[in-house]
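Quick notes on the structure that follows.
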Amino acid sequence: MCGIAGIISQSRKAVEEDLARATRAQAHRGPDDSGEQILSFGRAFLGLGQRRLSIIDLSPLGHQPMVHPRTGDQIIFNGEIYNFQALRRKLESDGEVFKGHSDTEVLLHGLVRYGPEYVRRLEGMYAFAFFSVAKNELMLARDPMGIKPLYVSRSKDLFLFASEVRALLASNLVSKELDPRGIAGLLAYGAVQHPQTIFAQVKSFPPGHWQIVSADGVNEPVRFWDYPAIDNTMDEQRAVAALQTTLDAAVRDHLIADVPVGVFLSSGLDSTIIAGLAKRYSPNIRAFTVGFAEQPEMSEIDLASETARLFGLNHTIIQIDSADAEAAAFNWLGAMDQPSLDGLNVYVISKAVRAQGITVALSGQGGDELFGGYPSFSDVPRFHRFMRTVQWVPRSMRGGLGRLAAVGRSEAVGQKVLDIARSTGSVMELALQRRRSMSSQQLSDLGISSSALGLTSAFQLAGIEREIPIDGDVISAVSRIESCFYQGNMLLRDGDANGMAHGLEIRVPLLDQRLLNLVHTFPGHVRLPTGRADKHLLRVAFPSLLRPDLLNQKKRGFTLPIRRWMLGPLKPLCEQSLEKLKSVGMLRESGIDAIWQSFLNEPDSPIWSRAFTLCVLGRYLEQMGL
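In the numbering used here, the protein residues as written are 894 to 1519.
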């Protein structure tokens, strides 16, 4: 796990100085080592920089940029290749000779021998840049789900990339001009929507793609992974057998490391299964459960402790008190790479686990999206059926139906129901509206119009739906939509940023590419035969790991009382941040005041998250000096 950065410019001096700043800005991602190289790139210069968190091959042989001994080709790499040992054996049979035992060296030799197509053989999480001396070309690539971040900035005479937005800004080559579309996406969903960022000159590199940059120009990205076709002949018995084998192998491979590995253990199905499978291959693996001392009714500690006892895990319980959590909230707000509603939990947990000497932690992230754990898996099919029955009603008149359905609900819920009623009724739009944070009316009150920004009514770029193949299987469609949008734009991005803020690598076995290729072929009636969002396949595939008290509990997680803090210790900061947001002038002041006042009037309603998103944005802009 690392932080990478690169610059292509006509000025060698500029590359040297600006690359150093961009690389240093990511020191928290790689506290163990750093390296930089300046190379000729046609009439320009290419700078490659890397900060290293040593996990596989801790010796100097893992140093980056890594240079191929025969060709002089170079690579900077962030992530892990879980099948690198098998790939290495094949390369050795082809005559390749290795000096160390890192996955980076395997990737370097594979790209030298086979070219960009080699990326199709990788199973892992990654973002990397590979420079071919003979072709005088730079290749960028990012893993299929976008587990590892990669951002690019391009202008007439410059091309930059990095693992974090802050690194690009630190180069002093990228403008801090704000992107209204990025801000609109943040407010609509609680996280900036790909490919936008908060800044007009910075874009997110597309997951599952590679791109070639040469002295002659920048080629269009090439997709190397896509969702597989649904296998309608699949039945539950075959699906369960394949799932058991594939997930077991994924967890086994995710344990490979030369540093201590732990596992996040909650009372949830996903982390319980991951911990149980990990124990098979790593008998001494440590499990960590974090609880908030002042919310015992929400604590997962008792159930997780019983799991650890039954599995024979080396279990550590970390209790976070109010003072520590509040301090972490202030630090988290100051450490963001991009503003987000989410991520404080991961920030707190990662800090606590890293302090225990752990460098790598396995997470159960991905189970809800793959196996159907969100309410959207039951809600969207129901909405879809209803919308088909009212297709004859003009969209302008459906608002009345929405208002009737929202009677007795909070203002925030009522506005969401209204947006759903006015939608086209497509699965894509229904799923996005179900996931929305701010309503269209709230955004309008802030002065934000989707049509004026060239966005769809769901506040996405036009054509983005074509990136996700959707057929008549609604459950499968919801899985893909949740994976791309909520998981990709918020959970994975925040997981990486908040884990790496403390030098902790978070691995996600449930997003192993072999598992993605398998489960996304399962039809909806196999994943959720009753239509309930209960992760049916995980329940039936791993009965020996899931006892009744886990299966019968209500869904919960490690939560922090942010809304309470917004009325207490965080209130002055929130109000200061809102004033900053007003001063920037991108949003209507009356709309900001209305959302904050609604929160003060209904602090226990979902409106708190809308108000907090505004506070986070204002604080972020202040941190950026805007």
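Idealized CB from N, CA, C, for every residue including glycine.
- When secondary structure is reduced to three states using DSSP, glutamine 1353 falls in the coil class, being assigned neither helix nor strand.
- The beta-bridge partner set that DSSP reports for methionine 1517 is empty.
- Under the criterion of beta carbons closer than 8 Å, glutamate 1187 and serine 1215 qualify as touching, at roughly 5 Å.
- In the three-state reduction of the DSSP assignment, phenylalanine 1023 falls in the strand class, which pools E and B.
- Between the alpha carbons of leucine 1438 and phenylalanine 1157 lies a distance of about 16 Å.
- Proximity to methionine 1032 across Gln1249, Val1115, Asp1261, Ala920 peaks at Val1115, based on C-alpha coordinates.
- Around the C-beta of leucine 1444, fewer than 16 other C-beta atoms lie within 10 Å, and the residue is accordingly described as exposed.
- Threonine 1414 sits buried, since 16 or more C-beta atoms from the chains shown fall within 10 Å of its C-beta.
- Three or more beta-carbon pairs separated by less than 8 Å are not found between the stretch 1125–1139 and the stretch 1054–1064, which leaves the two stretches without contact.
- Nearest to tyrosine 1379 by alpha-carbon distance, out of Arg1512, Thr1182, Ala1081, is Ala1081.
- Within the same chain, and ignoring the five residues on either side of glycine 1017 in sequence, the residues whose Cβ sits closer than 8 Å to its Cβ are Gly972, Glu973, Ile974, Tyr975, Asn976, Phe977, Asp996, Asp1036, Gln1406.
- By alpha-carbon distance to tyrosine 1120, the top candidate from Leu1403, Pro1099, Glu1360, Met1479 is Glu1360.
- Secondary structure note for phenylalanine 1157: its beta strand (DSSP E) is the uninterrupted segment 1154–1157.
- Under the 8 Å Cβ criterion, the stretch 989–1004 counts as touching the stretch 947–959, having at least three qualifying pairs.
- Arginine 922: not part of any beta strand (DSSP E); DSSP gives it neither H nor E.
- Straight across, the Cα-Cα distance linking leucine 1474 with tyrosine 1007 is about 50 Å.
- Secondary structure at serine 933: strand, using DSSP grouped into helix, strand and coil.
- By the CB criterion at 7 Å, tryptophan 1118 and alanine 1034 fall outside the cutoff.
- Taking a 10 Å sphere around the C-beta of phenylalanine 1223, we find fewer than 16 other C-beta atoms and assign the residue as exposed.
- A Cβ-Cβ separation of about 6 Å places isoleucine 1167 in contact with proline 1402 under the 8 Å criterion.
- In the same chain as proline 1088, and ignoring 5 residues on each side of it, the C-beta atoms closer than 7 Å to its own belong to Lys1096, Ser1097, Pro1099, in chain order.
- Contact annotation: arginine 914 and serine 1064 have beta-carbon atoms nearer than 7 Å.
- Note that the C-beta distance between arginine 945 and cysteine 895 is below 7 Å.
- In terms of CA proximity to methionine 1321, Val1371 leads the group Ala1314, Val1371, Gln1308, Gly1340.
- By DSSP's assignment, glutamine 943 forms a beta bridge with Ile897, Gly928.
- Contact between the stretch 1232–1244 and the stretch 1138–1156 is absent: fewer than three C-beta pairs spanning the two stretches fall below 8 Å.
- Taking the C-beta atoms as reference points, alanine 1218 is found nearer than 7 Å to leucine 1453.
- Around the Cβ of alanine 1134, a 10 Å sphere holds fewer than 16 other Cβ atoms; the residue is exposed.
- The shortest C-alpha to C-alpha distance from arginine 917 to any of Gln903, Leu1061, Glu1472, Gly965 is the one to Leu1061.
- For the set Leu1043, Pro953, Asn1410, the Cα lying nearest the Cα of isoleucine 897 is the one of Leu1043.
- Shown here, phenylalanine 1098 sits in coil according to DSSP, grouped into three states, outside any helix or strand.
- Taking a 10 Å sphere around the C-beta of threonine 1138, we find fewer than 16 other C-beta atoms and assign the residue as exposed.
- In this structure, the alpha-carbon of leucine 1397 lies about 19 Å from that of glycine 1184.
- Residue environment: proline 1274 is assigned as buried (16 or more neighbouring CB atoms within 10 Å of its CB, all protein chains considered).
- Lysine 1041 is classed as buried because its beta carbon has at least 16 other beta carbons within 10 Å across all chains shown.
- Boundaries cannot be given for histidine 1087, as no alpha helix (DSSP H) includes it and DSSP labels it neither H nor E.
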